[in-house]
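Engineer:
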Amino acid sequence: MKMPSNKPSKLKILPKDFDQTKETISWASMPQSPHGHPEHPIPRGSRNSGDASLRALLLEIKKKTDKNLEIVTAFDGKIVGLNTRMDVLEGRVTGLAQSATQTDSSVKKQRVKTQQCTQALERLAQENSHLSTRVELLESQARACTLRILGLPEKEEGRDLIAFLEKWLPTILRLDAPRDPIVVEKAYRETNWRQKPGTDACRTVIAHLADLQGRERILQQARRLKNIMYKRKQILIFPDLSPIPQGKRRHWVTLHDIIFN
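Numbers 5 to 265, taken from our numbering, label the letters of the sequence shown in order.
#1: When DSSP builds the beta bridges, which residues end up paired with Leu-216?
#2: How close, in whole Å, do the beta carbons of Gln-238 and Ile-232 come, if the pair is a contact with beta carbons under 8 Å?
#3: Buried or exposed, going by whether 16 or more other CB atoms sit within 10 Å of the CB of Ile-153?
#4: Could you tell me the distance, in whole angstroms, from the CA atom of Thr-137 to the CA atom of Thr-118?
#5: With the cut-off set at 8 Å, would you say Ile-222 and Ala-191 are in Cβ contact?
#6: Could you name the residues of the same chain whose beta carbon sits closer than 7 Å to that of Leu-135, not counting the 5 residues immediately before and after it, in chain order?
#7: With a threshold of 8 Å, are at least 3 pairs of Cβ atoms found where one atom belongs to the region 206-216 and the other to the region 156-165?
#8: My output table needs one value for Glu-170: the three-state DSSP class, helix, strand or coil.
#9: With DSSP as the reference, identify every bridge partner of Ile-210, one or two as the case may be.
#10: Please report the distance separating the alpha-carbon of Leu-229 from that of Thr-122.
#11: Going by C-alpha distance, which of Tyr-234, Gly-218, Ala-104, Leu-142 is nearest Leu-151?
#12: Phe-242 bridges to which residues according to DSSP?
#13: Rounding to the nearest angstrom, what Cα-Cα distance links Lys-112 and Gln-106 in this structure?
#14: Look up Met-233 in the DSSP assignment and give the residues it is bridged to.
#15: Measuring CA to CA, which of Pro-157, Leu-125, Thr-77, Gly-81 is closest to Arg-236?
#16: Please list, in chain order, all residues of the same chain as Asp-180 whose beta carbon is under 8 Å from its beta carbon, the five residues on each side excluded.
#17: Alpha carbon to alpha carbon, how far is Arg-227 from Pro-243? Give it in angstroms, no decimals.
#18: Please confirm whether Arg-207 and Glu-194 have their CB atoms less than 8 Å apart.
#19: What number of angstroms, rounded off, separates the C-alpha of Lys-67 from the C-alpha of Gly-81?
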C-alpha cells in the first residue's frame with residue numbers, strides 16, 4: 005500500500021492572454037441592452053420609427069384578425085341556423101315516414117276488406133242466380149196449370165169469376181163436365197193500363213186450374229174447335245207463358261224500333 009506523498013503540488017501556469025479572454029467572456033455573458041452595444045448605441049430616431057412600424061403592423065394584423073373572427077362568427081351562426089333547419093326537416097321526414105307507414109297499413113287493410121267484399125259479392129251473385137233459377141222453376145210450375153182467356157166480355161161473369169168459368173168452360177168447349185169437372189182455384193182479370201176507359205176491349209182472364217190434366221183437356225179441345233165464338237166475339241184460350249225478362253224485353257223493343265222506325 006502506497007502512502008500519500010508529502011511533496012508539494014506544482015502550480016499551473018496560466019496563458020498570457022487569460023485576462024483578455026476573461027474580459028471577453030464576461031462581456032458576452034452580460035444582458036444586451038435594447039439600446040445596442042454600450043460603445044455603439046442605436047440612434048433614438050431609428051428606434052421610434054421601428055416601433056411605429058411594428059405597432060402599425062400589429063394593428064393591421066389585429067384588424068384582419070378581428071374581421072376574420074367576425075366572418076367566422078357569422079359563419080358559425082349560419083351553420084347553427086342550417087343545423088336547426090336540418091333538425092326540423094329531419095323531424096318532418098320522420099313524420100312523413102310514419103304517415104306513409106300508417107297509410108300503407110291502411111291501404112293493406114282496405115285491400116283485404118275489398119277482397120272480402122268481392123268474395124261476398126261473388127257468393128251473393130251465385131246465391132242470387134240459384135234463387136232466380138228456383139223462382140223461375142216455381143213460376144213455371146205455377147204457370148203450368150194457368151190459362152189465358154181472351155175475348156170474354158166485361159162483367160159477363162158477374163161477381164164470382166171462378167164459379168162462372170167452372171160452368172162456362174165445359175159449355176163453350178163441349179166437355180163432359182159431370183164425369184170430369186173443371187176445377188178453377190183462382191181467377192182474375194189482368195189489368196191493362198194502356199186500355200182507354202169507355203172502350204169495348206175485354207181484359208184478359210187469368211185462370212189457375214187445380215191440376216195439369218184439366219188444363220191439357222181445355223187446350224186440346226180448343227185446338228180441335230179452332231174457332232170459338234161467344235156473343236159474337238171470338239174466344240182465344242192459350243197457356244200462360246213465363247214473362248220475358250226485362251233485358252230481353254228491352255232488346256226486342258230496340259229491335260222493333262230499328263225495324264219499323
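Even for Gly, the Cβ is constructed at its ideal location relative to N, Cα and C. Bear in mind that the values here come from a model prediction, so they are computed numbers and not experimental data.
Structural biologist: With the structure as the only source:
#1: Per DSSP, none; premise fails for Leu-216.
#2: 7 Å
#3: By the 16-neighbour rule on beta-carbons within 10 angstroms, Ile-153 is buried.
#4: 28 Å
#5: Ala-191 sits away from Ile-222, with the two beta carbons spaced by 8 Å or more.
#6: none
#7: yes
#8: Looking at Glu-170 - three-state DSSP - the assignment turns out to be helix.
#9: Arg-152, Tyr-192
#10: 58 Å
#11: Gly-218
#12: The secondary-structure analysis by DSSP pairs Phe-242 across a beta bridge with Arg-152.
#13: Each residue's Cα considered, the two are about 10 Å apart.
#14: Gln-238
#15: Pro-157
#16: Pro-174
#17: If you take the alpha carbons of Pro-243 and Arg-227, they lie about 12 Å apart.
#18: yes
#19: 21 Å
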